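All remarks here apply to the structure that follows.
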Amino acid sequence: MADLFAGIGGFHLAFEQAGGEVVFASENDRHARTTYEANFRSRTPGLFDTSQFAGDIRTVDTADVPDVDVVAGGFPCQPFSNAGLRRGFADARGTLFFDIARIIDAKQPGAFVLENVRGLTHKDQRHSFTRIQRILTRDLGYSFHWKVLRASDYGLPQARPRVYMVGFRDPSTEFSFPEPVPLEFTMSDLFGGKVDRVIGRTLMASWHRRPLSDPHCFDGYLVDGEPRYLSIEQMCRLQGFPDGFTFPVSEAQARKQLGNAVAVPVAAAVARSVVAALSSCG
Ligand SMILES: C[S@@+](CC[C@H](N)C(=O)[O-])C[C@H]1O[C@@H](n2cnc3c(N)ncnc32)[C@H](O)[C@@H]1O
Numbered sequence: 001m002a003d004l005f006a007g008i009g010g011f012h013l014a015f016e017q018a019g020g021e022v023v024f025a026s027e028n029d030r031h032a033r034t035t036y037e038a039n040f041r042s043r044t045p046g047l048f049d050t051s052q053f054a055g056d057i058r059t060v061d062t063a064d065v066p067d068v069d070v071v072a073g074g075f076p077c078q079p080f081s082n083a084g085l086r087r088g089f090a091d092a093r094g095t096l097f098f099d100i101a102r103i104i105d106a107k108q109p110g111a112f113v114l115e116n117v118r119g120l121t122h123k124d125q126r127h128s129f130t131r132i133q134r135i136l137t138r139d140l141g142y143s144f145h146w147k148v149l150r151a152s153d154y155g156l157p158q159a160r161p162r163v164y165m166v167g168f169r170d171p172s173t174e175f176s177f178p179e180p181v182p183l184e185f186t187m188s189d190l191f192g193g194k195v196d197r198v199i200g201r202t203l204m205a206s207w208h209r210r211p212l213s214d215p216h217c218f219d220g221y222l223v224d225g226e227p228r229y230l231s232i233e234q235m236c237r238l239q240g241f242p243d244g245f246t247f248p249v250s251e252a253q254a255r256k257q258l259g260n261a262v263a264v265p266v267a268a269a270v271a272r273s274v275v276a277a278l279s280s281c282g
């Protein structure tokens, strides 16, 4: 699997759980790279020893990307320009999605798994979403399945609606998104006290400590009537990262990285469905 926009490796953990192995990753933020390497070097030494841990994806030469079965990534959302609708996927030039498309085009993986904020499917960004879909299907020849999945439908007490996009090089490959599963714990379990909501708010990357009364406060809760804020360990659990996952960076960076990450059980459920679909079509 190629782990693009790798962050701290949510997709890495997800595909590992689905029986996969990451052989290439790209992440350009030095703090995220530090966390990624600290957690994955001992598990996948080859990724670091053979310099397959690239930085800025815009400078990656596709000849340096190994053959992979799956390209996965949660890419930063950028609007597409209105110009040049007829130039195929070159229309996306200047967006980070273009770099995903050129790697898929060059490496022809069996499948891709992309993740983004739900807003990409909303009316004001629908134009970009349509272009993404058109490039992957019409220009690159892949199938395209999409669905908004919530972390709370895959065991975690966090809303986090995200659009998942999955496609196969063989467009006849049968695929359906994984069925929801019950919550594994609640916000009260997480805090060890009574919280008035069962499912917590979506973790965000832009973190500032705010009073609980602030509508932009996403990490503070009334627990047994007292204000409490999520610790890094509690944020890890809300995102499905394993206990023991380490953050050799500042607290602010750790909170930003967790807010940016993919919810691992959701990505892992999708990864298992993708691996099953790829296996069934041989
Ligand atoms: C939404 S986050 C993805 C987080 C990841 N899925 C995880 O589980 O941690 C997007 C990531 O893309 C990285 N990024 C942004 N521009 C990039 C570029 N030009 N090349 C490589 N990585 C980039 C950001 O630093 C950020 O970590």
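Just so we're aligned, residue 1 is where the sequence shown starts under the UniProt record's numbering, counting upward by one.
C-beta: ideal position from N, C-alpha, C; glycine also.
As the structure is a computational prediction, the values presented were derived from the model and not from experiment.
Worksheet item: Does the beta carbon of residue 15 fall short of 6 Å from some heavy atom of ligand 1?
Response: In the sequence shown, residue 15 corresponds to position 15, counting from 1. No, Cβ of residue 15 sits at least 6 Å from all heavy atoms of ligand 1.
Worksheet item: Which residues mark the beginning and the end of the beta strand (DSSP E) in which residue 115 is found?
Response: Walking along the sequence shown from the start, residue 115 turns up at place 115. If you look at residue 115, you'll find it in the beta strand (DSSP E) that goes 111-117.
Worksheet item: DSSP beta-bridge partners for residue 73?
Response: Within the sequence shown, the letter at position 73 stands for residue 73. Looking at the DSSP assignment, residue 73 forms a beta bridge with 4 and 114.
Discussion item. I want to know whether the segment 244-262 touches the segment 191-208 - three or more CB-CB distances under 8 Å.
Written reply: Verdict: yes, contact present.
Discussion item. Which residue wins for smallest C-alpha separation from residue 260, given the options 140, 75, 12 and 67?
Written reply: Working through the sequence shown from its first residue, we reach residue 260 at position 260. Out of 140, 75, 12 and 67, 75 has the C-alpha closest to the C-alpha of residue 260.
Worksheet entry | Residue from 32, 51 and 29 with nearest C-alpha to residue 23 | Residue mapping note: residue 23 aligns to position 23 of the sequence shown, counting from 1. Of 32, 51 and 29, the residue nearest in Cα terms is 51.
Item to complete: Would you list the residues sitting across from residue 146 in a DSSP beta bridge?
Response: In the sequence shown, the residue the question calls residue 146 occupies position 146. Secondary-structure assignment with DSSP links residue 146 through a beta bridge to 165.
Worksheet item: How long is the line joining the alpha carbons of residue 148 and residue 160, rounded to whole angstroms?
Response: Numbered from its first residue, the sequence shown carries residue 148 at position 148. Numbered from its first residue, the sequence shown carries residue 160 at position 160. Straight-line Cα distance between these residues: approximately 10 Å.
Worksheet item: Is it right to say residue 225 is buried, meaning 16 or more other beta carbons lie within 10 angstroms of its own, or is it exposed?
Response: The residue given as residue 225 occupies position 225 in the sequence shown. Of the other Cβ atoms in all chains shown, fewer than 16 fall within 10 Å of the Cβ of residue 225; this residue is therefore exposed.
Worksheet item: Quick one: Cα of residue 197 to Cα of residue 191, how far?
Response: As a first step, residue 197 must be located in the sequence shown, where it is residue number 197. As a first step, residue 191 must be located in the sequence shown, where it is residue number 191. Computed Cα separation, rounded: 12 Å.
Worksheet item: Between residue 200 and residue 157, is the Cβ-Cβ spacing less than 7 Å?
Response: Start at 1 with the first residue of the sequence shown, and residue 200 comes out as number 200. Start at 1 with the first residue of the sequence shown, and residue 157 comes out as number 157. Less than 7 Å separates the beta-carbon of residue 200 from that of residue 157.
Worksheet item: Expressed to the nearest angstrom, what Euclidean distance is found between the alpha-carbon atoms of residue 71 and residue 235?
Response: What you label residue 71 is simply residue 71 of the sequence shown in a count that begins at 1. What you label residue 235 is simply residue 235 of the sequence shown in a count that begins at 1. Each residue's Cα considered, the two are about 27 Å apart.
Worksheet item: Tell me which same chain residues have a C-beta within less than 8 Å of the C-beta of residue 283, skipping the five on either side of it?
Response: Residue 283 is absent from the model: the chain starts at 1 and stops at 282.
Discussion item. Between residue 76 and ligand 1, is there a pair consisting of the residue's CB and a ligand heavy atom that are separated by less than 6 Å?
Written reply: Within the sequence shown, the letter at position 76 stands for residue 76. Yes, the Cβ of residue 76 comes within 6 Å of a heavy atom of ligand 1.
Discussion item. In whole angstroms, give me the CA-to-CA distance for residue 100 and residue 113.
Written reply: Locating residue 100 in the sequence shown gives position 100, counting from the first residue. Locating residue 113 in the sequence shown gives position 113, counting from the first residue. Computed Cα separation, rounded: 11 Å.
Worksheet entry | CA-to-CA distance, residue 37 to residue 17, given in whole angstroms | Your numbering for residue 17 matches position 17 in the sequence shown. Your numbering for residue 37 matches position 37 in the sequence shown. The alpha-carbon atoms of residue 17 and residue 37 are separated by roughly 18 Å.
Item to complete: Quick one: residues in its chain with C-beta nearer than 6 Å to the C-beta of residue 177, no 5 flanking neighbours on either side, listed in chain order?
Response: On the sequence shown, position 177 is the one that residue 177 refers to. Excluding residues up to 5 positions away in sequence, 147 lie with their Cβ nearer than 6 Å to the Cβ of residue 177 in the same chain.
Worksheet item: Is any heavy atom in ligand 1 found nearer than 6 Å to the beta carbon of residue 119?
Response: By 1-based counting over the sequence shown, the position of residue 119 is 119. Not so, every heavy atom of ligand 1 lies at least 6 Å from the Cβ.
Item to complete: Report all residues from its chain with a CB closer than 6 Å to the CB of residue 218; omit the five preceding and five following residues, and keep chain order.
Response: Mapped onto the sequence shown, residue 218 falls at position 218. If we look at residue 218 and ignore the five residues flanking it on each side, its Cβ neighbours are 201 and 204.
Worksheet item: Whole-angstrom Cβ separation of residue 57 and residue 96, contact assumed at under 8 Å?
Response: For the purposes of this step, residue 57 is taken as residue 57 along the sequence shown, with counting starting at 1. For the purposes of this step, residue 96 is taken as residue 96 along the sequence shown, with counting starting at 1. About 7 Å; that satisfies the 8 Å criterion.
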